[in-house]
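K.L.:
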Ligand code: TLP
């Protein structure tokens with residue numbers, strides 16, 4: 124991202140171009156040149172009639188890669204999760220999820236709005252639930268409690284600092300849930316980051332889940348789009364829920380073309396983002412007033428600025444004045460996310476600014 128002018132006080136007051144380093148999220152990534160070319164050349168048709176060849180190709184490849192029967196292209200991760208919760212529940216049920224999960228905190232109460240369900244949030248320090256924690260919260264139908272309808276897991280866990288489910292923990296949850304007749308939906312917005320960390324395929328690490336939503340538009344760099352994968356029966360119903368949510372897209376092949384490149388070519392570079400995140404986290408943890416509460420496994424660094432005496436708004440504003448964008452995520456915690464549009468050199472620049480701000484430098488000093 125280019126800002127036209129350097130903030131007043133930097134660069135001697137002379138307006139000049141400065142590169143903004145955007146660490147707010149991996150959602151800010153821009154499509155690559157190859158994606159833009161594929162979009163321009165995409166073969167398209169009306170996808171509501173099932174006639175867009177590029178969307179059909181993307182859905183077929185996503186299903187193959189995840190070893191599921193079918194896949195559905197949706198405009199956003201939020202829509203994918205909303206449809207999944209609707210698929211597996213009926214009104215008046217509870218959805219077990221982690222307390223800081225995206226479905227519970229950042230999707231406008233969609234499970235109540237669209238599915239008539241309430242969340243049963245369970246806190247796990249690193250965002251990773253265990254079967255033992257879940258088992259204690261499962262409720263049967265009775266005269267008081269709303270019965271459990273679904274278990275929802277997030278891998279990687281965004282607000283817990285990009286933490287990854289150990290495959291055996293995830294399998295234990297799914298096997299036990301299935302034994303009780305419960306389904307498991309995985310919010311795998313960043314599942315390719317989890318796979319890169321584990322050195323395993325997404326198929327291996329998501330196989331026991333009934334449905335998986337993953338995003339093409341985050342670390343994988345596509346401009347728009349997410350996928351929902353699952354059984355043929357589930358995806359057939361999901362297609363109808365997508366239409367009800369207004370997500371029946373017509374010549375969506377222009378988007379799917381970029382999605383195919385995201386899916387096939389981008390996962391192999393994610394470890395670069397992980398190395399950059401580890402580099403930032405290591406330096407941050409040594410700065411005065413800053414602590415990094417979680418081990419950094421993927422591309423997300425959550426850090427606590429309580430010791431600086433600044434609010435997250437003040438911290439963000441001081442960084443912004445130095446060309447670095449990072450947001451607060453509540454309390455005294457902030458989150459930075461590495462991605463393909465941020466280089467190691469950018470990370471070094473960001474660290475210089477972070478060190479200045481942490482040391483209590485005044486705005487524009
Ligand atoms: N996450 C965004 C914000 O909404 C917080 C971000 O910047 O990280 N699941 C997970 C785990 C997510 O992190 C997100 C987006 C979604 C679902 C929703 O995806 P979109 O934005 O495509 O609806």
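Numbering (my numbering), first residue to last: 124 to 488.
Virtual Cβ for every residue (Gly too), placed ideally from N, Cα, C.
Since residue 244 is in the beta strand (DSSP E), which residue starts that stretch and which ends it?
P.N.:
Unbroken beta strand (DSSP E) run through residue 244: 241–245.
K.L.:
Here's the rule I'm using: 16 or more other beta-carbon atoms within 10 Å means buried, otherwise exposed. How should residue 409 be labelled?
P.N.:
Burial call: exposed.
K.L.:
Write down every uninterrupted run of the alpha helix (DSSP H) in the region 410–438 whose length is 4 residues or greater and which is fully enclosed by it, in chain order.
P.N.:
Listed in chain order, nothing qualifies, since the region 410–438 has no complete alpha helix (DSSP H) run of 4 or more residues.
K.L.:
According to DSSP, is residue 144 part of a helix, a strand, or is it coil?
P.N.:
If DSSP states are grouped into helix, strand and coil, residue 144 belongs with the strands.
K.L.:
Strictly by DSSP, which residues pair up with residue 310?
P.N.:
In the DSSP output, where bridge partners are listed per residue, residue 310 has 277, 336.
K.L.:
Could you tell me the alpha carbon to alpha carbon distance between residue 188 and residue 325, rounded to whole angstroms?
P.N.:
Roughly 7 Å separates the two Cα atoms.
K.L.:
If I measure Cβ to Cβ from residue 366 and keep anything under 8 Å in the same chain, skipping five residues before and after, which residues do I get?
P.N.:
Within the same chain, residue 366 has close Cβ partners 171.
K.L.:
What three-state label does DSSP hand residue 487 in the structure shown?
P.N.:
With a pLDDT of only 43 at residue 487, under 50, the local geometry of the prediction cannot be trusted, and no value is derived from it.
K.L.:
Mind checking residue 246: buried by the 16 CB within 10 Å criterion, or exposed?
P.N.:
Its Cβ having fewer than 16 others within 10 Å, residue 246 is exposed.
K.L.:
Where does the unbroken alpha helix (DSSP H) through residue 156 begin, and where does it stop?
P.N.:
Taken as a continuous stretch (DSSP letters only), the alpha helix (DSSP H) holding residue 156 covers 156–164.
K.L.:
I want to check one thing, is the minimum distance from the CB of residue 364 to the heavy atoms of the ligand TLP below 7 Å?
P.N.:
Not under cutoff, so the answer is no.
K.L.:
Output needed for residue 429: all residues of its chain with C-beta closer than 6 Å, excluding positions within five of it in sequence on either side, in chain order.
P.N.:
Correct list, in chain order: 455.
K.L.:
Using beta-carbon positions only, say whether residue 386 and residue 163 come within less than 8 Å of one another.
P.N.:
No, the pair does not count as a contact, with Cβ atoms beyond the cut-off.
K.L.:
In the DSSP assignment, the alpha helix (DSSP H) including residue 474 goes from what residue to what residue?
P.N.:
Here the alpha helix (DSSP H) through residue 474 covers 467–481.
K.L.:
Go ahead and label residue 145 buried or exposed: buried means 16 or more other beta carbons lie within 10 angstroms of its beta carbon, across all protein chains shown.
P.N.:
With 16 or more Cβ atoms within 10 Å of its Cβ, residue 145 is classed as buried.
K.L.:
Suppose you measure from the CA of residue 413 to the CA of residue 442; what does that come to, to the nearest Å?
P.N.:
Cα to Cα, residue 413 sits roughly 15 Å from residue 442.
K.L.:
How big is the Cα-Cα spacing for residue 473 and residue 447?
P.N.:
Between residue 473 and residue 447, the C-alpha separation is close to 6 Å.
K.L.:
Tell me, to the nearest whole angstrom, how far the beta carbon of residue 226 is from that of residue 169; I am working on the premise that it is less than 8 Å.
P.N.:
Their Cβ separation, rounded to whole angstroms, is 31 Å, which puts residue 226 and residue 169 out of contact at 8 Å.
K.L.:
Which of the three DSSP states is assigned to residue 261 in this structure?
P.N.:
Three-state result, residue 261: coil.
K.L.:
Here's a check: name, in chain order, each residue in its chain whose Cβ is nearer than 7 Å to the Cβ of residue 389, leaving out the five neighbours to either side.
P.N.:
Excluding sequence neighbours, residue 389 sits near 343, 344.
K.L.:
With distances taken between CB atoms, is the gap from residue 283 to residue 223 smaller than 8 Å?
P.N.:
Result yes, Cβ atoms of residue 283 and residue 223 sit closer than 8 Å.
K.L.:
Should the region 208–216 be regarded as contacting the region 401–408, the criterion being three or more beta carbon pairs within less than 8 Å?
P.N.:
No, they do not touch.
K.L.:
Where does residue 339 land, buried or exposed, given buried means 16+ other C-beta within 10 angstroms?
P.N.:
With 16 or more other Cβ atoms within 10 Å, it is buried.
K.L.:
Report the three-state DSSP secondary structure of residue 134 (helix, strand or coil).
P.N.:
The predicted model places residue 134 with a pLDDT of 45, which falls under 50 and marks its position as unreliable, so this point remains unresolved.
K.L.:
How would the residue list near the ligand TLP read, in chain order, if you kept each one whose beta-carbon is closer than 5 Å to any heavy atom?
P.N.:
Cβ-based neighbours of the ligand TLP within the cut-off: 148, 150, 199, 200, 201, 225, 229, 281, 310, 312.
K.L.:
Quick check on residue 327: buried or exposed, where buried means 16 or more other Cβ atoms within 10 Å of its Cβ?
P.N.:
Looking at its Cβ environment, which holds fewer than 16 other Cβ atoms inside 10 Å, residue 327 is exposed.
K.L.:
Straight-line CA distance for residue 438 to residue 452?
P.N.:
Approximately 12 Å, taken between the alpha carbons.
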